[in-house]
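Residue numbers (this note's numbering): 134 to 481.
For every residue, glycine included, the Cβ atom is placed at its ideal position computed from N, Cα and C.
In this text the structure is predicted, and so the values were computed from the model without any measurement.
Here's the structure we're looking at; comments come further down.
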């Protein structure tokens, strides 16, 4: 038991630090604290398997079954089961909603999740009907049906993910080992991503132009003006991310069906979604460009055998550090990724 507690003391903080690190780099700017908290708890429930599985195996080998272990399994399982079908879908639509009042956001979230919740209710009703017809309608059987449904969902998702990882992950790792092949891949990906970033920028410009046009419909004393001002403020803030000389496109009159608070909520959501999409696509494009420049440095430095690694973007390192960087990026990196590709293929 002391060994198991030592494992918890060491591995637990590492998992928490990994979650905090992911929450610090993954979301876009402006992500609210409740959304970060929701995502962090979902990650914690998923990554708790890294603690529970080794502990369960070790306890079984020692012939022990600590009560805290069974409680941990129940908490991780039922929390994941409940939130994936109730809290997370509702909160996702609630956070994406552009409505101004909490009641309106809740109603919009429930409305957008009607199909999802309808499927869940249908599955639950079918299970209850089956239990009634077989005269086995007991609370333990209802719980068992919920567990079976959740496991079926997890198995189907796991099969699809395993099918993807069987080919895609080893193939990607093998490509990362070849700098010339990776350069062609990055060139193609950067071109595709540039088109997506341009499309996202045009959509944001259209949304901002629509906001400017709709704003002219509401005079200063209009009851809806206070909501319109919030949308205009958001439009101005998002416009700071665009090129300053870019004019706003024209808006068709048929798109001007915005008269009440709900309509303005839809306009606000469209503007916010366009801004988030542009920020995401632009970030992905810049990341691909950065990877391409780093790869160009590697290809150029491979011709300088025995010389310290020289980067076109970073400050010059000491010679000993430059030699180590050269050996890793120009020689050992390729072999390491080939070994990882073979290992991933074998594990698949």
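Problem set entry | Boundaries (first-last residue) of the alpha helix (DSSP H) holding residue 210 | Counting from 1 along the chain shown, the entry for residue 210 is found at position 77. 200 to 218 is the extent of the alpha helix (DSSP H) around residue 210.
For this session: Taking 8 angstroms as the threshold, find out whether the region 454 to 466 comes into contact with the region 431 to 442 through three or more Cβ pairs.
Result: yes
Exercise. Do you know how far the Cα of residue 336 is from the Cα of residue 213?
Worked result: The count along the chain shown starts at 1 and reaches residue 213 at position 80. The count along the chain shown starts at 1 and reaches residue 336 at position 203. Using only the alpha carbons, I get a separation of about 36 angstroms.
For this session: Kindly indicate the opening and closing residues of the alpha helix (DSSP H) around residue 317.
Result: For the purposes of this step, residue 317 is taken as the residue at position 184 of the chain shown. It spans 312 to 348 - the alpha helix (DSSP H) in which residue 317 sits, taken as one unbroken run.
Exercise. Just curious, the alpha helix (DSSP H) that residue 406 is in, first and last residue?
Worked result: Indexing the chain shown from 1 puts residue 406 at position 273. Taken as a continuous stretch (DSSP letters only), the alpha helix (DSSP H) holding residue 406 covers 394 to 435.
Problem set entry | Where the alpha helix (DSSP H) through residue 361 begins and ends | Locating residue 361 in the chain shown gives position 228, where the first residue counts as 1. Note, residue 361: alpha helix (DSSP H), 358 to 372.
Exercise. Does the Cβ of residue 338 lie closer than 7 angstroms to at least one heavy atom of the ligand ATP?
Worked result: The ligand ATP is not among the ligands present in this structure, which contains no ligands whatsoever.
Exercise. Quick one: Cα of residue 423 to Cα of residue 344, how far?
Worked result: In the chain shown, counting from the first residue as 1, residue 423 sits at position 290. In the chain shown, counting from the first residue as 1, residue 344 sits at position 211. Approximately 34 angstroms, taken between the alpha carbons.
Exercise. Whole alpha helix (DSSP H) runs in the region 144 to 171 with 4 or more residues, listed along the chain?
Worked result: none
For this session: Determine the direct distance from the alpha carbon of residue 152 to that of residue 179, and round the result to whole angstroms.
Result: Taking the chain shown and counting its residues from 1, the one referred to as residue 179 is at position 46. Taking the chain shown and counting its residues from 1, the one referred to as residue 152 is at position 19. Between the alpha carbons of residue 179 and residue 152 lies a gap of roughly 11 angstroms.
For this session: List the endpoints of the continuous alpha helix (DSSP H) containing residue 267.
Result: The residue labelled residue 267 in the question sits at position 134 within the chain shown. Residue 267 -> no alpha helix (DSSP H), and no H or E assigned at all.
Exercise. Under a Cβ-count criterion, where at least 16 other Cβ atoms within 10 Å of its own Cβ denotes burial, should residue 269 be classed as buried or exposed?
Worked result: Start at 1 with the first residue of the chain shown, and residue 269 comes out as number 136. With fewer than 16 Cβ atoms within 10 Å of its Cβ, residue 269 is classed as exposed.
Exercise. If we ignore side chains and look at the alpha-carbon of each, how far apart do residue 250 and residue 257 end up?
Worked result: Within the chain shown, residue 250 is the residue found at index 117, counting from 1. Within the chain shown, residue 257 is the residue found at index 124, counting from 1. C-alpha of residue 250 to C-alpha of residue 257: approximately 10 angstroms in a straight line.
Problem set entry | Endpoints, alpha helix (DSSP H) assigned at residue 190 | Your numbering for residue 190 matches position 57 in the chain shown. It spans 182 to 194 - the alpha helix (DSSP H) in which residue 190 sits, taken as one unbroken run.
Exercise. Nearest-angstrom Cα distance between residue 390 and residue 372?
Worked result: Taking the chain shown and counting its residues from 1, the one referred to as residue 390 is at position 257. Taking the chain shown and counting its residues from 1, the one referred to as residue 372 is at position 239. Taking the CA atoms as reference points, residue 390 sits about 23 angstroms from residue 372.
Exercise. On the premise that residue 246 lies in contact with residue 223, defined as a C-beta separation below 8 angstroms, what is that separation, rounded to the nearest angstrom?
Worked result: Translated into positions along the chain shown, residue 223 becomes position 90. Translated into positions along the chain shown, residue 246 becomes position 113. At roughly 6 angstroms, the Cβ-Cβ gap stays under 8 angstroms, so residue 223 and residue 246 are in contact.
Problem set entry | Minimum C-alpha distance to residue 317 - residue among 347, 364, 421, 334 | Here the question's residue 317 lines up with position 184 in the chain shown. When each option's Cα is compared against that of residue 317, the closest is 421.
Problem set entry | Beta-carbon proximity list for residue 415, same chain, < 6 angstroms, skipping 5 on both sides | Here residue 415 refers to the residue found at position 282 of the chain shown. Closer than 6 angstroms at Cβ, skipping near neighbours: 330.
Exercise. When you compare only the Cα positions, how much space is there between residue 215 and residue 430?
Worked result: What you label residue 215 is simply residue 82 of the chain shown in a count that begins at 1. What you label residue 430 is simply residue 297 of the chain shown in a count that begins at 1. Cα-Cα distance, rounded: 49 angstroms.
Exercise. What residue range is occupied by the uninterrupted alpha helix (DSSP H) comprising residue 239?
Worked result: Locating residue 239 in the chain shown gives position 106, where the first residue counts as 1. Here the alpha helix (DSSP H) through residue 239 covers 235 to 245.
For this session: Would you please state the rounded distance, in angstroms, between the beta carbons of residue 425 and residue 323? I believe it to be under 8 angstroms.
Result: Numbered from 1 along the chain shown, position 292 holds the residue referred to as residue 425. Numbered from 1 along the chain shown, position 190 holds the residue referred to as residue 323. The pair is a contact, with the Cβ atoms about 6 angstroms apart (cut-off 8 angstroms).
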